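Protein chains in written order, with my numbering: chain A, 3 to 642; chain B, 297 to 617.
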């Protein structure tokens with residue numbers, strides 16, 4: 003148990019605000035460093051002992067670097083290159099930042115007006131934005147400079163104006179989001195006027211978005227103003243920014259490359275710095291952009307793959323036909339948290355016989371889906387599994403990718419929870435069935451037509467030519483079942499396979515699953531949160547709580563008399579048909595988070611029958627007299 | 297599908313109207329007398345009056361716009377004062393090279409960007425991912441005009457492998473078609489690469505994000521549960537998903553490539569619309585600017601229509617309605 007994991011997680015949560023976290027972001031740190039490299043001299047330019055950047059000295063033209071008094075040498079007019087770079091950077095940064103500020107302010111005003119002042123204003127602003135965004139903004143900037151005449155201030159203005167539509171559109175979107183939030187409605191109900199709401203509720207919530215937009219666009223703004231200057235439309239001699247220096251240096255590219263190359267290098271360093279800091283800020287301010295899914299997370303799974311635990315209570319040791327179909331021992335699943343692995347599933351020991359229908363039941367977040375995926379070794383990135391999973395005597399943890407692939411889909415099949423997202427939305431049904439049938443070299447057990455008939459989709463016209471989104475939820479789930487059945491697997495693992503469906507369709511799918519398992523002697527592991535539902539389908543029920551199996555019993559026994567207090571609580575919260583008077587009890591409290599420090603029974607904090615001893619050590623999953631297994635010191639008994 | 301294309305093409309009309317109106321309005325803000333600006337301080341009063349009449353400067357700018365519009369409907373985009381020839385002729389003559397440059401840059405950028413993005417996401421390898429992330433960052437931070445100069449310096453000046461300017465070698469007399477194509481391609485490589493590397497940065501960045509998103513999607517897990525090979529999952533299922541997501545970004549990059557052509561054509565002396573525009577702006581040749589911007593805007597809108605259609609072909613859920 004990673005009990006110390008939770009304390010570490012708490013520690014990192016207390017770390018200082020966003021700025022503190024920015025300091026721990028390596029990219030942002032590097033960005034700040036690069037930015038400082040350009041920014042510090044640029045800001046300090048007036049107090050640095052640099053020669054006058056505009057002082058020409060024809061006798062000293064094109065001095066090489068490290069000449070006396072000129073560290074980087076001189077340009078074609080004998081001006082000090084270093085001084086010109088520093089002052090040029092100063093100008094470039096200033097116009098870039100100013101252009102960003104102007105564009106952001108104007109865009110924010112327009113965007114807010116569009117979002118807040120009703121349909122007419124919105125329509126006008128957005129049509130204007132559409133037109134302006136319909137052609138490359140650089141051309142718009144060029145036209146504006148053409149109108150205003152060349153000059154650094156005009157170039158800055160042109161770039162700012164050309165980027166206003168971008169800001170207006172983004173701010174409008176964000177403002178519309180905010181507008182539909184509950185706290186705005188609450189402020190209205192409280193009688194606050196619109197200006198007060200704008201000032202107190204909207205602007206503070208808009209500020210991070212605007213800041214983010216500004217940092218992510220500052221880079222291009224610098225590039226674009228430099229570009230206009232490069233074309234001779236920006237800074238006019240003797241004034242210079244990095245872009246105009248580059249433009250002037252171009253003439254001497256072949257003879258004195260450094261005069262053109264150095265200003266470009268400074269622009270690059272500046273913009274890389276800005277973009278790195280912008281990315282860092284985005285990671286911190288916008289959770290959607292968090293750098294999740296990094297490849298490092300996968301490492302854990304590989305390292306643990308060969309660690310196989312043995313032993314443990316077999317559960318159903320006395321098999322009538324010998325070897326169980328699926329045998330799980332000591333299955334642990336860890337989820338990588340911000341402060342190391344957290345235990346999400348621990349010590350699962352279970353056997354499934356051929357043709358047996360077993361339910362795995364528990365609240366959402368209890369680890370049942372992770373358990374189901376671990377049986378197929380299909381856990382997502384950022385998780386690691388340990389323990390032993392044997393299918394028909396074959397240890398899955400010891401298989402290589404190819405062997406595992408041939409087991410999946412051929413012998414072990416998976417029916418997903420949400421068939422809308424689980425079927426590939428970009429491929430026709432027929433394509434997906436066809437590739438599944440051909441996935442294992444040999445022909446599949448069933449022909450396409452037979453599969454379609456088996457899942458009851460023969461009546462759907464043009465089924466194979468359709469895309470998943472052209473089917474109803476029930477039809478999609480039937481397609482997913484057809485995919486699972488293609489090779490006649492001996493175990494179906496259905497993960498909340500009916501949860502996303504409405505009640506009538508749910509019943510049809512359950513009946514289908516039951517028939518497919520009955521007729522073809524197929525085992526089923528049915529994962530669900532709905533105890534009443536599984537009782538109708540499965541022979542045996544596994545109840546899971548906080549990552550552990552707490553009860554394992556025949557469905558009929560369990561319904562008649564639950565042994566674990568948690569099972570009883572689950573049953574108490576289930577409405578029963580024909581018993582409208584039944585009082586539904588609601589279990590108080592919440593299950594412990596994965597990896598939370600719980601000494602003793604993990605259900606103890608919520609258990610109505612808790613005793614002091616329950617809090618000292620965790621009980622084992624023990625076999626009781628009637629053949630069930632219970633993880634409780636004081637199980638409920640008949641008549642209790 | 298056909299109806300959708302027609303409707304999108306019809307949408308081109310208000311957009312181009314809007315664009316021309318904006319350009320006209322902006323150019324009308326020019327302080328001072330355009331006729332004086334064009335002819336210079338030593339022009340005779342008669343010539344000035346003549347040019348003012350020719351440019352219809354006595355009328356308000358919107359009247360001039362309406363007049364221009366009536367002309368465009370008849371295929372007449374006016375007459376360029378600086379080139380002393382019809383705007384339509386000058387623009388059409390320069391359109392081909394710009395489209396060639398932009399198409400090459402966009403395709404190169406899309407291929408490089410997608411390859412980089414997919415590599416970073418598919419290879420579960422920290423080093424590859426970091427390398428790609430770094431090069432993508434460099435790509436989006438590079439000033440394309442500087443990159444162009446560096447490429448000239450390296451490949452034309454120092455190594456002498458490729459020509460530094462122009463589209464065709466001038467002394468290539470009586471070239472055969474194959475020789476001419478090869479010559480143009482040699483000239484095309486550096487300018488298109490200057491634009492492509494920047495576009496590849498943006499496409500690679502979006503592509504990597506899209507690939508990570510697709511790989512984490514439920515349907516990829518089901519692909520694995522179905523026992524499909526890793527190769528098939530990546531090259532059929534994930535790739536199509538990434539392409540569908542990246543397509544609109546490629547369309548947007550057409551805007552960068554067409555706009556950036558202004559720099560690159562100037563640096564490489566490429567005989568395209570971008571250079572024509574810079575010259576026209578310097579000469580305050582309003583009608584030429586107007587014509588050039590309009591044609592580039594139309595090209596941009598059409599490219600975006602094409603990428604939208606491609607996205608729809610890849611992902612039928614995106615509305616073609």
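Ideal Cβ placement from N, Cα and C applies to all residues, glycine included.
Here the structure is a predicted model, which means the values were calculated and not measured.
Sub-8 Å separation of residue i and residue j beta-carbons
i, j, result
"residue 141 of chain A", "residue 597 of chain B", "no"
"residue 242 of chain B", "residue 448 of chain B", "Examination of residue 242 of chain B is not possible in this model, given that chain B is present from 297 through 617 alone."
"residue 500 of chain B", "residue 432 of chain B", "yes"
"residue 495 of chain B", "residue 409 of chain B", "yes"
"residue 593 of chain A", "residue 365 of chain A", "yes"
"residue 563 of chain B", "residue 444 of chain B", "yes"
"residue 614 of chain A", "residue 626 of chain A", "no"
"residue 64 of chain A", "residue 100 of chain A", "no"
"residue 361 of chain A", "residue 634 of chain A", "no"
"residue 380 of chain A", "residue 493 of chain A", "no"
"residue 476 of chain A", "residue 507 of chain A", "yes"
"residue 649 of chain A", "residue 323 of chain B", "Lying before the first or after the last residue shown, residue 649 of chain A is absent from chain A, which here runs from 3 to 642."
"residue 248 of chain A", "residue 266 of chain A", "yes"
"residue 227 of chain A", "residue 69 of chain A", "no"
"residue 225 of chain A", "residue 147 of chain A", "no"
Local conformation of residue i per DSSP, three classes
i, result
"residue 522 of chain B", "coil"
"residue 379 of chain A", "coil"
"residue 396 of chain B", "helix"
"residue 139 of chain A", "helix"
"residue 258 of chain A", "coil"
"residue 35 of chain A", "helix"
"residue 611 of chain A", "coil"
"residue 353 of chain A", "strand"
"residue 591 of chain A", "coil"
"residue 471 of chain A", "helix"
"residue 416 of chain A", "strand"
"residue 382 of chain B", "strand"
"residue 448 of chain A", "coil"
"residue 27 of chain A", "coil"
"residue 197 of chain A", "helix"
Cβ shell of residue i (< 6 Å), same chain only, five flanking positions each side left out
i, result
"residue 616 of chain A", "602, 603, 606"
"residue 280 of chain A", "217, 218"
"residue 139 of chain A", "164"
"residue 612 of chain A", "606"
"residue 174 of chain A", "113, 116, 117"
"residue 466 of chain A", "431, 432"
"residue 572 of chain A", "533"
"residue 452 of chain A", "none"
"residue 210 of chain A", "287"
Nonlocal neighbours in the same chain, by C-beta distance under 7 Å from residue i, ignoring five residues either side
i, result
"residue 559 of chain A", "628, 630"
"residue 127 of chain A", "112, 115, 116, 170"
"residue 350 of chain A", "330, 333, 373, 551"
Partners in chain B for residue i, counting only beta-carbon separations shorter than 7 Å
i, result
"residue 228 of chain A", "439"
"residue 259 of chain A", "449"
Cβ-based neighbour list, residue i, same chain, cut-off 8 Å, excluding 5 preceding and 5 following
i, result
"residue 325 of chain A", "394, 395"
"residue 352 of chain B", "359, 360, 363"
"residue 368 of chain A", "546, 547, 548, 549, 593"
heavy atom of the ligand GDP below 7 Å from residue i C-beta
i, result
"residue 326 of chain A", "The ligand GDP is not among the ligands present in this structure, which contains no ligands whatsoever."
Cross-chain neighbours of residue i in chain B, by beta carbon under 8 Å
i, result
"residue 252 of chain A", "445, 563"
Interface partners of residue i on chain A, CB under 7 Å
i, result
"residue 385 of chain B", "Per Cβ cutoff of 7 Å: no residues; residue 385 of chain B is ~21 Å from chain A at best."
"residue 613 of chain B", "427, 471"
"residue 533 of chain B", "426"
Residues that residue i contacts on chain A, provided the C-beta gap is smaller than 8 Å
i, result
"residue 592 of chain B", "137, 138, 141"
Inset, instruction - Tell me, please, whether the segment 39-54 of chain A touches the segment 78-88 of chain A by the rule of three or more beta-carbon pairs shorter than 8 Å. - result: Yes: the two stretches touch, three or more of their Cβ pairs being nearer than 8 Å.
Legend entry - Inter-stretch contact (C-beta, 8 Å, three-pair minimum) for the segment 146-157 of chain A and the segment 107-117 of chain A: The answer is no - the segment 107-117 of chain A does not touch the segment 146-157 of chain A, with fewer than three Cβ pairs under 8 Å.
Legend entry - Contact between the segment 95-114 of chain A and the segment 201-218 of chain A (3+ Cβ pairs under 8 Å): Under the Cβ criterion (8 Å, minimum of three pairs), the segment 95-114 of chain A counts as touching the segment 201-218 of chain A.
Legend entry - Three or more C-beta pairs below 8 Å linking the segment 541-548 of chain B and the segment 520-529 of chain B: No contact exists between the segment 541-548 of chain B and the segment 520-529 of chain B.
Legend entry - Validate contact between the segment 252-265 of chain A and the segment 186-194 of chain A using beta carbons, cut 8 Å, 3 pairs: By the Cβ test, the segment 252-265 of chain A is not in contact with the segment 186-194 of chain A, since fewer than three Cβ pairs between them sit closer than 8 Å.
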